[in-house]
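Student: Protein chains in written order, with this note's numbering: chain L, 3 to 638; chain P, 3 to 180; chain E, 4 to 498; chain D, 5 to 531; chain B, 12 to 119.
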């Protein structure tokens, strides 16, 4: 069974190829059905693989399937090989799982779009690339997927490419990602020149055995982190993610919440031994960047009015949490939070998508409200997602976030503090969103005239294809926490499962104060969450206090605009300068030479007066000069 | 004695030469050319080249200059050329520089290398009273002996001259003037 | 009594056949003037056949000379060696081509025919004497014969005033230059006491002392260089070339550019290589400078020209520069510069003949249409003609698979092998500048539209010349071995 | 002497395939030129047949090529100009193999797929002549032979640009001709000097590359001078940074077919020259010149990309992108490691394919809209999705997305260069970002957005064009996913070359895995 | 006085210098005179200078060839003048009274 792992990426790929060939003939909805089926099928395969892996003893849960030798040159030999181990399977599981759910959802969401087949074509291609990313046996195969998902996200963000904003957002995403890719490439070069291989096994093995100098390890780790920042939208490269909301909502859910954006976290976890072998400050850097990003994004989310933008910033902030975890050596926690986050954030996005769908593509929360009446199921599931992310026990988010905070506390209290504040804000703005969208009085009737264009303007519940995923995900968001319960050693289930991958690098906090008083911290977390919710309720539901939504937060601290100002202003000018330098100086020199020759020619031909006497004179001058030379030679 | 001869002859030569380049009227120029030629002839004599002196007078003064005058008359270009006017400024100064420079260099070379001129030939037989035709004989031997080929070539040269004059002097049949 | 003591040198008439053939041809032509209403074909036929005889005789001699080095003739006045024979062959080919082109040039009745052909033959005599002469007197006479004939030929098209202007300019400056040459001969004679090249070299290599310095000799050499430099139109003595080449009747221009240069270069090479080799360190730098100047001046001045005939004149200047590079190389020990420069001259002769035949065809009888305008769109009017011309132009630019490239390569090779890299690089740069000129002609032929679409008809004679020269260009370009081997054999008779 | 051995080997060869690769197109071009104007229908037919036959021949040769042999194969040697020691010496090894095949494939595509619109006969005749020239310069193992092919290529290209190009064609053609000729002027002197100096060690005058490279050894300074004289010519041809300005003009003004060939194979003559005549002939000098050329290469990468970003003309943009891409190849060449060189060789082919395809597509756009100005194009994806998709794939390969050919070469170059030219590589890698920037920006401006009136009528790709592009895409995908067959043919020759360099200079190629511990001091990318 | 005259003998050098001067004058003349006929005369001056040089050198090196050359040079000079005058006549027929400066149809 393990050897059939190649089926996992192969199936979505097949789906992609089929739709490329017959997409137009299939049309709606069969293209979607096909794509969904393919993803689901590969989910089944993964599941089977997973169970087989379970049946093996822990130390044997590592299996490499070599498909063919990809780039063999001299000492460098890269195989196109897949790695089956707990981590990759975990990733593959929720990618295919959530993936197929979102496919299903998309069938309904994309209904009536004239490029319906193309959408699923891209979606399948994305799933394939994502699977290559996580299943890759070496950095290069991962990089193949890495770039693949980047390209797909580019296609999907600018799916409605006739909208200039969409086109721009797509380009922005790709280019920003490329900055990260640069880091990852350099990391690969370093790894190769240091270890002589690109396979995870080789590199990690070298790192564990101390075959990797600390400085090298730091270099690799930092470069990988640069790459991760690009993909996982951390400061300073997070810019593209909010804009990516231009894409269709299923895309936002799948790519920009559940899977792709987490690949940075995955990569660092994969290379955990290297980070471990690096100077300690490497980890601090990662943790700090993560924490700062988390807080930064959370503050922004407080003031957003676009239903999807809120979720986007919250995603950034949650990703920040995961990097905080990585930096604190809490790899398991990171993966844990990644998974739970995948559940509830996908749920929230899909929910928002359902709302948008029902509201006829209205995304402004100020024009919503009281929707739980017209969209009961959507509303119910959304609320579950809210509770999960807000960190209310016993929902999934609570456990994973708490795990991270625990490690953070043990590692660095300042960062813990930041995390706590972020948690508070998270609870606050999510509550705000829920209230604005589903409670309060409906603000959409009085906009009916503007929505007349949509024909029937009253919001309506979405079709079952969209609701089923919601329900399933809601369920997962409720129970997701069981993967890793802090109660006792045996309930650390995910930890045991991932042990073969991360045990070496995982920070050991069992002796720390935090571990011994984790219940205290848990309680504190609950208090924080409820405080946030309470405050939000007080502001938005009861209207006790006036909402504080300063413009600067709404403008995301003007960071984006500042960057665009630099790029569009100074950068553009600099580039123009280079271009004109080329045209005027470099080419100018060439043209100049030509001009000079021509001028010289004109000058010389002016001597050609046609007058015999002046010719005689020229000859005479020549004679005198030459004879002078000979005289000198002769006499001296 | 020789000194006197040299001085006089040199005066003739240079005077004539200057006349050629300064007289505005071509006829006068031609006549001063004759002066130079005679001067040269005299010098030939003082180098015991009597035969050449004779030829110099006959051919040059007798034939060539006459030819010049003849053409001048034929074409009626005997009106004076305005010497004082020089259309191309800087022509004369430069020309002067070139002329003087040339003189200077050559003279310098001659003076510097005068000791090069040592007798290396088979000897040059001078004309004496008892053997008046010695020089001519020697020339004849050389011309019809070693240099007979050159002598024959002169015939071709003259042939060219004849053909050329015929060609040039003939009136244009197809008067396609542009 | 005069005969007493006069020992007339014995003459091997057999070895003078080329000269005699040409002379006979000339005389016959002059006799023919007596015949009223002579058929038009007679004059060209006589010219071609006599020069053909000369050429063939030369070829025969070439084969025999394969086995011995050569002989002195007529009291050491001239020599017959591979060098002179090779040059003689080239010259007679040039004469034949020129004669053919002349038939085209004055298609309509023209009384001057006979004289012109006669002068062509006499000029050839002069040229052949120059290449063979071992005696400065003979050399001078040959030069004068050649020059006088050329003056007259240049002026011979009396329908065009430019022709006479060219003639006069050529004459005045030519006389001017030959006076310098003569003065040079005089000083060298004075310094060495010998008038024959072999004699000079004996004296210079011999034990004799030059007194306290060489001044007289070197000034003499300098003046000689002036004289030859003028004839080969080396900068700064090239000033007359463009005017004369443009003014003269096109066939004559082609002849001046080919045979004239060959003769002058041959005489120069013989005198300097075998006569004045001992003073090589003094005159080599001058040749170096002349070569560089000539190439650069020629190719640069061509850039702004608008008259194709004039362009070719300038290009011929820069070609002379390339030959000079060969000469410079030849002045080094153990260099094959002599061979490469002679090969260059041979190749260039064919190129120039072909190019000018195109010019004759396009320009018409009156030499009227030689401007770049009249070549516009030639590719559409006469594709084959345009193609042939392009081949020749590319050859002149030195593009591979043409004789031109082989020639340039040979010269540069000699220069590099004698380690004069600077001149080689200069020459190549000059070649690049020069290429612009050929490209311009090609642009107007291929990439512009014809100003007039009147059909151009190619006369048989011109077609023949063109065809032969293109064939030669390509054959030598692909299989240069034959030419190289021939040139390699070119040697002076040992002193 | 080794020549004799090779020669005897060549006698025993049944079929001189390499000679035919040159002669066939040559004959074809003559034949086409001779077809009478009254039978125009034969022109295209003949040209296609000849070019296809040549392509088939090259593929057959590829099939016969024995994989793990680094030496020259199919060698054929005959005396040509014996007097100057010049021989018709052809041979192919892993370095030239795929360039030859690329040439063989590219020309039929161009001939079949692109219409000259006028004077078809002349056009095709020139094209075939060009093919002969290109083949010759990739195959010849004799300095003289190489030079004349290298030079003769100018003529047909000159006429193609000047005769079938766009508004400023004459300027561009002349610039191209003179600039390149200027470069090769120095090489000619260099070649002769090489042969003349080598004569002392070899004992007789020969221009044979192998003999000189194996037997002759030049004094340090001499070798460097000679290398410089060669390098100038190649640097112009590539083109390396300051000498590149002929390229945009030539590319922009050339007809589509011309641009495709120019980008596809002509530029490679420069980079190929660096490998074959730089590294092989003057190893010591190449190592000496390493820093300079690495720097120029990196400058070229960034500079070309930046300049490309700002272009308003689609073709100019692609032209500048070529400057950037070839910068990578030069980088790989002068980094002198097994990976970087293999990558460089491979990238030559890849760039040929992808940039060729780009020019093809831009040409199609011009056919439809009669403009290359980016500003005048808009929203084409909406009206011609398939065309847009094709463009996208080619573009991604040019950006260097893994799974497409562009990536493999680029990655190999970089990872190889990192061993010996660390910091240059780190900087060069940023070129990857810029590549995405300028191409995506151009794509957005041309294909995204709402099509305006002028672009509404933009025709979808025709079957013929589609078939043409499909070939390119096929090659792009295959080499991207399965480069092994290529690499295992390239690598032996590359290793042989490196070994040669190590023998003839004090250069030591990095040993690979063990390298890690030796230089830890420079692992500071993290800060 | 007579003693002085008797004492000082003009050596060959004197003649050579004189010839050089004459040659220079001729050169100068060619450059400054506009009348083609006078230009020819100047060339004749140059030739005569050379002749004088030859004769002087002939005695100096006591070799007859020097004088022989002079003989040939005279022939050449004659032929040259004939040809030159022929050309001049041909032109002057068309445009009488023109100077060398008027012949500038060919230039550049």
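Note that beta-carbon positions come from the ideal geometry of N, C-alpha and C, so glycine has one too.
Indicate whether residue 209/D and residue 88/D have their beta-carbon atoms separated by less than 8 Å.
Tutor: As a first step, residue 209/D must be located in the fourth chain, where it is residue number 205. As a first step, residue 88/D must be located in the fourth chain, where it is residue number 84. For residue 209/D and residue 88/D, yes; Cβs fall inside 8 Å.
Student: Indicate the three-state DSSP secondary structure (helix, strand or coil) for residue 56/B in the structure shown.
Tutor: Translated into positions along the fifth chain, residue 56/B becomes position 45. Helix, per DSSP.
Student: Pick helix, strand or coil for residue 83/E, following the three-state DSSP scheme.
Tutor: Along the third chain, read from residue 1 onward, the residue named residue 83/E stands at position 80. Note: residue 83/E maps to strand in three-state DSSP.
Student: Can you list, in chain order, the residues of its chain whose CB lies under 8 Å from that of residue 486/E, leaving out five sequence neighbours each side?
Tutor: On the third chain, residue 486/E is found 483 positions in, with the first residue counted as 1. Result list for residue 486/E: 346, 349, 350, 406, 409 and 479, in chain order.
Student: Quick one, which residues of the segment 305-324 of chain E are near chain P if we go by CB-CB under 8 Å, in chain order?
Tutor: Cβ proximity to chain P below 8 Å picks out nothing from the segment 305-324 of chain E.
Student: Roughly how many angstroms lie between the CA atoms of residue 244/D and residue 338/D, to the nearest whole one?
Tutor: Counting from one through the fourth chain, the residue named residue 244/D turns up at place 240. Counting from one through the fourth chain, the residue named residue 338/D turns up at place 334. About 13 Å.
Student: Which residue from 90/D, 76/D and 106/D puts its Cα closest to that of residue 490/D?
Tutor: Looking up residue 490/D in the fourth chain gives position 486. Nearest of 90/D, 76/D and 106/D to residue 490/D, Cα basis: 106/D.
Student: Distance check for residue 224/D and residue 211/D, CA to CA, integer angstroms please.
Tutor: Taking the first residue of the fourth chain as position 1, residue 211/D is located at position 207. Taking the first residue of the fourth chain as position 1, residue 224/D is located at position 220. If you take the alpha carbons of residue 211/D and residue 224/D, they lie about 20 Å apart.
Student: Just the chain E side, please: which residues come within less than 8 Å of residue 88/D by C-beta, in chain order?
Tutor: On the fourth chain, position 84 is the one that residue 88/D refers to. 416 and 487, listed in chain order.
Student: Three-state secondary structure (DSSP) at residue 296/E?
Tutor: Residue 296/E sits at position 293 when you count from the first residue of the third chain. The answer is helix: DSSP assigns residue 296/E an H, G or I state.
Student: Per DSSP, residue 65/L forms a beta bridge with which residues?
Tutor: As a working mapping, residue 65/L is identified with position 63 in the first chain. Per DSSP, 86/L.
Student: Can you check whether the CB of residue 50/D is closer than 8 Å to the CB of residue 25/D?
Tutor: Translated into the one-based positions of the fourth chain, residue 25/D becomes position 21. Translated into the one-based positions of the fourth chain, residue 50/D becomes position 46. With contacts defined by Cβ atoms closer than 8 Å, residue 25/D and residue 50/D do not form a contacting pair.
Student: Since I believe residue 451/E is in contact with residue 379/E (beta carbons under 8 Å), could you give me their beta-carbon distance rounded to a whole number of angstroms?
Tutor: Within the third chain, residue 379/E is the residue found at index 376, counting from 1. Within the third chain, residue 451/E is the residue found at index 448, counting from 1. Indeed they touch by this definition, with Cβ atoms about 5 Å apart.
Student: Over what stretch of residues does the beta strand (DSSP E) that includes residue 80/D continue unbroken?
Tutor: Counting from one through the fourth chain, the residue named residue 80/D turns up at place 76. Counting along the chain, the beta strand (DSSP E) containing residue 80/D begins and ends at 77-85.
Student: In the DSSP assignment, the beta strand (DSSP E) including residue 95/D goes from what residue to what residue?
Tutor: Numbered from its first residue, the fourth chain carries residue 95/D at position 91. Where residue 95/D is concerned, the enclosing beta strand (DSSP E) stretches over 90-96.
Student: Leaving out five residues on either side along the sequence, give the residues of the same chain with a beta carbon under 6 Å from the beta carbon of residue 238/E.
Tutor: The residue given as residue 238/E occupies position 235 in the third chain. Listed in chain order, the non-local C-beta contacts of residue 238/E below 6 Å within the same chain comprise 296, 297 and 300, local neighbours out to five positions each way being set aside.
Student: Sort 488/E, 174/E, 278/E and 462/E by Cα distance to residue 497/E and report the nearest one.
Tutor: Mapped onto the third chain, residue 497/E falls at position 494. Nearest C-alpha to residue 497/E: 278/E.
Student: Residues of chain E with CB closer than 8 Å to the CB of residue 604/L, please, in chain order.
Tutor: Taking the first chain and counting its residues from 1, the one referred to as residue 604/L is at position 602. What residue 604/L touches in chain E: 307.
Student: How would you write the range of the alpha helix (DSSP H) that residue 285/L sits in, first residue to last?
Tutor: Here residue 285/L refers to the residue found at position 283 when the first chain is read from its first residue. Where residue 285/L is concerned, the enclosing alpha helix (DSSP H) stretches over 282-304.
Student: At a Cβ threshold of 8 Å, is residue 22/D touching chain E?
Tutor: Indexing the fourth chain from 1 puts residue 22/D at position 18. Chain E contact via Cβ: absent.
Student: DSSP state of residue 528/D, grouped into three classes?
Tutor: Taking the fourth chain and counting its residues from 1, the one referred to as residue 528/D is at position 524. Its pLDDT being 39, under 50, residue 528/D is placed unreliably in this model, and the coordinates cannot settle the point.
Student: Distance, Cα to Cα, residue 97/L vs residue 337/L?
Tutor: As a working note, residue 97/L is residue 95 in the first chain. As a working note, residue 337/L is residue 335 in the first chain. Just so you know, the alpha carbons of residue 97/L and residue 337/L end up roughly 13 Å apart.
Student: What is the DSSP secondary structure of residue 146/D, reduced to helix, strand or coil?
Tutor: In the fourth chain, counting from the first residue as 1, residue 146/D sits at position 142. Here residue 146/D sits in strand by DSSP.
Student: Does the beta-carbon distance from residue 166/P to residue 94/B come in below 8 Å?
Tutor: Within the second chain, the letter at position 164 stands for residue 166/P. Within the fifth chain, the letter at position 83 stands for residue 94/B. Taking 8 Å as the Cβ cut-off, residue 166/P and residue 94/B qualify as a contacting pair.
Student: Closest to residue 398/L by C-alpha separation, out of 386/L, 460/L, 407/L and 408/L, would be which residue?
Tutor: As a first step, residue 398/L is located in the first chain; it is residue number 396 there, counting from the start. Taking only the C-alpha atoms, the option nearest residue 398/L is 386/L.
Student: To the nearest angstrom, report how far apart residue 113/L and residue 263/L are at their CA atoms.
Tutor: Locating residue 113/L in the first chain gives position 111, counting from the first residue. Locating residue 263/L in the first chain gives position 261, counting from the first residue. Between residue 113/L and residue 263/L, the C-alpha separation is close to 26 Å.
Student: With a threshold of 8 Å, are at least 3 pairs of Cβ atoms found where one atom belongs to the segment 144-156 of chain E and the other to the segment 256-271 of chain E?
Tutor: Contact between the segment 144-156 of chain E and the segment 256-271 of chain E is present: three or more C-beta pairs spanning the two stretches fall below 8 Å.
Student: Let me make sure I understand the geometry here. Which of 434/L, 406/L and 472/L has the alpha-carbon closest to that of residue 523/L?
Tutor: The residue labelled residue 523/L in the question sits at position 521 within the first chain. For the residues 434/L, 406/L and 472/L, the minimum Cα distance to residue 523/L belongs to 406/L.
Student: Quick one: list the residues of chain B neighbouring residue 165/E, beta-carbon separation under 7 Å, in chain order.
Tutor: Residue numbering aside, residue 165/E sits at position 162 when the third chain is read from its first letter. Within chain B, the residues near residue 165/E are 116 and 117.
Student: Flag this pair as yes or no: are the beta carbons of residue 8/P and residue 81/E separated by less than 8 Å?
Tutor: If you number the second chain from 1, residue 8/P lands on position 6. If you number the third chain from 1, residue 81/E lands on position 78. No, these two residues do not count as a Cβ contact at 8 Å.
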